[in-house]
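Below is one structure, written out as structure tokens, with a few remarks after it.
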Amino acid sequence: MIQGIGTALAALLGLAFGSFLNVCLSRWPEDESILTPRSHCRACKRRLAWWENLPVASWLALRGRCRTCGAWIGWRYPAVELAVGVLWALVGWRLTSELVNPALPTETFYFDLVTALATFLFLWLLVALAALDAEHLWLPNWLTLPGAAAGFLIFAAQIVLFAKVDAWSSAFSILLGRLMGIVAAAGLILVIRWTYKLVRKHEGMGLGDAKLMAMLAAWLGLPGALLSFVLGVVLSAVFALVLLALPRARRGSASWAMTKLPLGGFLCAGGAVSALWGHQIILAYLRWQGFA
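Residues in the sequence shown are numbered from 846 upward in steps of one, following the working numbering.
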């Protein structure tokens, strides 16, 4: 009962924050304020009624169109709201499944709570970056760099407040290892970028992807970031093969090889999977290889 209520509450909060994210995603590229004016139709500028701002439900009721001018609202709106809602519901389910244990130590309770709240923020950032990259091939520095800093600071706070380390030197070593992982994750993209440019004589990967990998490593550690990278590459390859099988999707292009794909969006998808199930996936892989 408690687990169901907690999951539902997390899902509803996710839908609400997903709706707010849609406002941000519509206004950030236009350099508009996310606070004013109130929500309105981007085509006819009419201010929306309260019931037109209900996550997913309003889009379905309006059949994806403005009730005044009939302008198409777009699939991104319900997709983003559902993505945040579902991801937060999964975190809420996991959190409440642990908190209902009466034998749970108080320290573990607070650690799990802080971890869940941090994961909410991380997943929200990933959905934001994935949507921006999918629509605009844009991974803004003011999201990836503060996101990386936030991930590292939250990890540092967890180490200082909750981890049982023998001395400050041990805590420093752990934090230094996380910093090295951040540098290594970003360096992986930079090496690939440099190699591609050397071979193909033009840019094949933006610096935003390197900063995104740094953010993933700050939140997930180097193993989690590498898992995100592998999953992202696989997803992008599958997506490219699907496009290759659809002639209409590439009609009018000067060259199929020059088609740009939003790798950052696929890295974000891999990051979400890694955040939720990365430990289990990595452990299963190590067991399969005989290392665990």
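Beta carbons are placed, not taken as given, at the ideal position from N, Cα and C, and that holds for glycine.
Predicted, not measured: the structure shown is a model, and the values here were computed from it.
Give me the Cβ distance between residue i and residue j, rounded to the nearest whole Å; I'm assuming they're in contact under 8 angstroms.
i, j, result
"residue 1060", "residue 989", "5 angstroms"
"residue 1077", "residue 978", "Not a contact, Cβ separation roughly 11 angstroms."
"residue 858", "residue 1117", "Contact flag wrong, Cβ pair sits at about 17 angstroms."
"residue 1016", "residue 1004", "5 angstroms"
"residue 969", "residue 854", "Contact doesn't hold; Cβ gap of about 16 angstroms is too wide."
"residue 891", "residue 871", "The Cβ separation is near 15 angstroms, so there is no contact."
"residue 910", "residue 920", "Not confirmed; about 12 angstroms, so no contact."
"residue 1074", "residue 1115", "7 angstroms"
"residue 864", "residue 926", "6 angstroms"
"residue 839", "residue 848", "Nothing can be reported for residue 839, as the shown portion of the chain is limited to 846 through 1137."
"residue 999", "residue 1072", "Going by Cβ atoms, the distance from residue 999 to residue 1072 rounds to 19 angstroms, so no, they are not a contact pair."
"residue 967", "residue 1064", "5 angstroms"
By the DSSP assignment, the alpha helix (DSSP H) with residue i in it spans what residues?
i, result
"residue 873", "That residue, residue 873, is in no alpha helix (DSSP H); it is neither H nor E in DSSP."
"residue 1107", "From DSSP, residue 1107 is part of no alpha helix (DSSP H); its letter is neither H nor E."
"residue 1084", "1052-1089"
"residue 991", "986-1006"
Identify, in the order they occur along the chain, each residue of the same chain with its Cβ nearer than 6 angstroms to the Cβ of residue i, setting aside the five sequence neighbours on each side.
i, result
"residue 938", "852"
"residue 1062", "1026, 1027, 1030 and 1070"
"residue 1018", "none"
"residue 1052", "none"
"residue 995", "none"
"residue 1034", "1054, 1055 and 1058"
"residue 897", "903"
"residue 997", "1063"
Determine the burial state of residue i: buried for a count of at least 16 other Cβ atoms within 10 Å of its Cβ, exposed for fewer.
i, result
"residue 889", "exposed"
"residue 1028", "exposed"
"residue 1058", "buried"
"residue 881", "exposed"
"residue 945", "exposed"
"residue 894", "exposed"
"residue 949", "exposed"
"residue 1056", "buried"
"residue 1132", "exposed"
"residue 1129", "exposed"
"residue 954", "exposed"
"residue 803", "Residue 803 lies beyond the residue range present for the chain, which begins at 846 and ends at 1137; the question has no answer from this structure."
"residue 976", "buried"
"residue 991", "exposed"
"residue 958", "exposed"
"residue 971", "buried"
Leaving out the 5 sequence neighbours to the left and right, which residues in its chain are closer than 7 angstroms to residue i when beta-carbon positions are compared?
i, result
"residue 1108", "1050, 1054, 1077 and 1081"
"residue 1067", "1026, 1029 and 1030"
"residue 964", "936 and 1120"
"residue 1001", "1020"
"residue 1048", "1042"
"residue 1106", "1081, 1084 and 1085"
"residue 922", "867 and 904"
"residue 952", "1007"
At a cut-off of 6 angstroms, is residue i close to the ligand ZN when judged by its beta-carbon and the heavy atoms of the ligand?
i, result
"residue 856", "With respect to small molecules bound, the structure shown includes none, and the ligand ZN cannot be examined in it."
Within a Cβ cutoff of 8 angstroms, which residues of the same chain sit near residue i, ignoring the five residues on either side of it in sequence?
i, result
"residue 1136", "none"
"residue 973", "866, 869, 870 and 988"
Continuous alpha helix (DSSP H) assignments of at least 4 residues falling wholly in the stretch 871-957: The alpha helix (DSSP H) runs of length 4 or more contained entirely in the stretch 871-957 are, from start to end of the chain, 902-906 and 921-944.
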